[in-house]
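Encoded as structure tokens, the structure appears first; notes follow it.
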Amino acid sequence: MDGTLPNKEVLRRVARKLGEISLVSLANSFPSNKPATVEVVFDETAYPEQISRVYVDIELQLNGNFYIHYVEEWGSERKECRWDRHENPHNARDHYHPFPAATTDDAEDRRYPGDFFDVLGEVIADIQARWGDTFEIAD
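Residues in the sequence shown are numbered from 54 upward in steps of one, following the numbering used here.
Set out below in structure tokens:
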């Protein structure tokens with residue numbers, strides 16, 4: 054079996070769990086334009102009016118690699134970050150691409166828990182902190 058295939062069983066559970074969060078307006082498993090992804094869209098009314106859309110795309114492969122991409126759309130500008138676990142030439146397998154551009158040059162090595170739901174717990178905590186920061190940035 055190809056380890057790079059999506060772990061659809063776990064991703065379906067992820068979508069169900071994240072769909073229960075009050076700030077989430079949609080948790081969509083495997084949309085046609087992103088068939089290996091769970092797309093989580095946050096309630097835009099919970100963010101400053103300068104932000105038109107906030108979402109996170111979550112990919113988890115059978116081999117344990119993951120890509121969690123958080124995006125805020127500020128009019129025509131995108132602010133984003135990414136939590137990753139995959140082999141690459143630029144960083145350790147576990148790494149983070151910080152705000153505002155999530156570039157490879159700015160990537161930082163990280164150590165994530167082995168359990169993907171524990172990783173998500175850390176990511177959600179980071180997203181909640183970022184949610185608070187958006188109000189300070191918007192002022």
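All residues carry an ideal CB built from backbone N, CA and C; glycine is no exception.
Beta carbon of residue i nearer than 7 angstroms to that of residue j
i, j, result
"A80", "E112", "no"
"E125", "I104", "yes"
"R163", "H148", "yes"
"N116", "R138", "no"
"Y100", "T187", "yes"
N-terminal and C-terminal residue of the beta strand (DSSP E) that residue i is part of
i, result
"L173", "Counting along the chain, L173 falls outside any beta strand (DSSP E), though it belongs to the alpha helix (DSSP H) covering F169 to A191."
"A197", "This structure cannot speak to residue 197, because the chain is shown only from 54 to 192."
"E92", "V91 to F95"
"R106", "R106 to L113"
CA nearest to the CA of residue i, picked from the options
i, options, result
"L58", "F83, S75 and S129", "F83"
"N141", "R131, E161, C134 and E133", "E161"
"I121", "S78, E175 and G128", "E175"
"D55", "I177, V77, P153 and Q114", "Q114"
"W14", "K61, E62, V77 and R65", "Examination of residue 14 is not possible in this model, given that the chain is present from 54 through 192 alone."
"K132", "A191, K61, R65 and A68", "A191"
"P166", "D110, R146, Q181 and F152", "R146"
"P153", "D168, H143, C134 and S129", "C134"
"R66", "F170, E189 and A178", "F170"
"R106", "K70, K87 and W127", "W127"
"A178", "H143, W136 and E189", "W136"
Identified DSSP bridge partners for residue i
i, result
"K132", "E125"
"E140", "In DSSP, E140 forms no bridge with anything."
"F119", "L113 and R138"
"D147", "R138"
Residue span of the alpha helix (DSSP H) that contains residue i, given as start and end
i, result
"R66", "K61 to G72"
Is the region 82 to 101 touching the region 148 to 165, taking contact as three or more C-beta pairs under 8 angstroms?
Judged by Cβ distances under 8 angstroms, the region 82 to 101 makes no contact with the region 148 to 165, as fewer than three pairs qualify.
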